[in-house]
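What follows is one structure encoded as structure tokens, with my remarks underneath.
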Amino acid sequence: MSIIIVHVMLNSKTVFEWEGLPVNENMNIKEFFKDVVVYKLKPELWEKNCVAYFSHTKIGEMEKIGLECNTWETIKQCGKYVTFKLLDDSNDVPVTNTINAFELMRTASMCNYLPEFKLPAKNSWEQLRIDLNELIRNNGGGWIGKDNANSMGKRFVSDLTKSIWYVDICSYKTLNDKFKIPALFTNFFDRAHPERYKKSRRSFNSEELQNHYKILINYIELPWMGKPKFA
1435 MSIIIVHVML
1445 NSKTVFEWEG
1455 LPVNENMNIK
1465 EFFKDVVVYK
1475 LKPELWEKNC
1485 VAYFSHTKIG
1495 EMEKIGLECN
1505 TWETIKQCGK
1515 YVTFKLLDDS
1525 NDVPVTNTIN
1535 AFELMRTASM
1545 CNYLPEFKLP
1555 AKNSWEQLRI
1565 DLNELIRNNG
1575 GGWIGKDNAN
1585 SMGKRFVSDL
1595 TKSIWYVDIC
1605 SYKTLNDKFK
1615 IPALFTNFFD
1625 RAHPERYKKS
1635 RRSFNSEELQ
1645 NHYKILINYI
1655 ELPWMGKPKF
1665 A
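So the sequence shown is numbered by this note's numbering: it starts at 1435 and just counts up by one.
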């Protein structure tokens, strides 16, 4: 069971303000409207036809979705906010291209995705990994398809996190003085707090540092790393 945020309009006027309503996993959009939404409206509106528009936010760009599409799959791809526009008669249907279920599947396969990590973070290391994931998101990066994001993408973010954590725990200032760490990453240091550990701050080990370098340099050769979104 999931929640979808519903808004209903008639002749450009709101007849049902935004409210979260439960949707069954197997319902298509028409069934959701007829079995759940209409009973929130005045009885005189129950028999009216409708058109459904989905978006990721209340004021975001809306996509018209066919009523036969699965509601559960639609909200995962197009957002959980839906506006139902009631029609005065069966001929009063706006001329808009409708996205069918196959189009949704095709679009989903080409969408950018990011790795999924458990929230909230249990410690500073996990928070660093989440923050680096958000850095990629905020710069328009991602991987085509969920499977790629949760395999290759997750490995990349985790390896980058391990590398930054290692430099941080050994003193990123020492490395920065010699090699000048890109400004993009400066906000991701001073998180390891080695002073909290029983042992004193570790010194850089050339073999260990080289190993982190080799792992990251391998990603440079992969096709997705050359895309503008990772520039």
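Note that beta-carbon positions come from the ideal geometry of N, C-alpha and C, so glycine has one too.
Model, not experiment: these values are computed from the prediction.
{"Check": "So, helix, strand or coil for G1574, using DSSP?", "Outcome": "coil"}
{"Check": "Residues in its own chain within less than 6 Å of I1439 by CB, not counting five upstream and five downstream?", "Outcome": "W1452, G1454, K1514, Y1515"}
{"Check": "Do L1444 and L1520 count as a contact pair if the criterion is CB distance below 8 Å?", "Outcome": "yes"}
{"Check": "Helix, strand or coil: how does DSSP classify I1493 here?", "Outcome": "coil"}
{"Check": "Sorted by chain position, which residues of the same chain lie with C-beta nearer than 8 Å to K1492's C-beta, five sequence neighbours on each side aside?", "Outcome": "I1439, H1441, W1452, Y1515"}
{"Check": "So for S1558, helix, strand or coil by DSSP?", "Outcome": "helix"}
{"Check": "Do T1595 and L1566 count as a contact pair if the criterion is CB distance below 8 Å?", "Outcome": "yes"}
{"Check": "Opposite T1517 in the DSSP bridges: which residues?", "Outcome": "H1441, Y1487"}
{"Check": "Would you tell me roughly how many angstroms separate the C-alpha atoms of N1460 and T1505, rounded to the nearest one?", "Outcome": "8 Å"}
{"Check": "Helix, strand or coil, according to DSSP, for P1549 in the structure here?", "Outcome": "coil"}
{"Check": "My guess is that L1650 and S1592 are in contact by the Cβ rule of under 8 Å, so how many angstroms apart are they, rounded?", "Outcome": "Not a contact, Cβ separation roughly 11 Å."}
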